[in-house]
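Only one structure is covered here, and it is reproduced in the block below.
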Amino acid sequence: MVTNGDYIETDHIIPKYLGGKNIKSNKQLLHRHCHDLKTAQDLIGTHD
């Protein structure tokens, strides 16, 4: 759910620095906070 003040960003499912491509099937929309968390997890190599 997007509410007033939320920001939506485009995320690369497989990060570009790990060989992910800049194509539609490798992108998803995430809230800014969720994108920040995913990026941090990508950088340290952990996911739930």
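For the sequence shown, full-length UniProt numbering assigns the number 1 to the initial residue and increments by one for each residue that follows.
Built from N, CA and C at the ideal position, the CB exists for glycine as well.
Check	Outcome
Which residues in the same chain have their Cβ closer than 7 Å to the Cβ of lysine 38, if we skip the five residues on either side of it in sequence?	Asp11, Leu30
Pull up the CB-CB distance for isoleucine 13 and asparagine 26, whole angstroms please, since I reckon it's below 8 Å.	5 Å
Quick one: what does DSSP say lysine 38 is sitting in, helix, strand or coil?	helix
Can you tell me whether lysine 27 is helix, strand or coil according to DSSP?	strand
Less than 7 Å between the C-beta atoms of aspartate 42 and proline 15, yes or no?	yes
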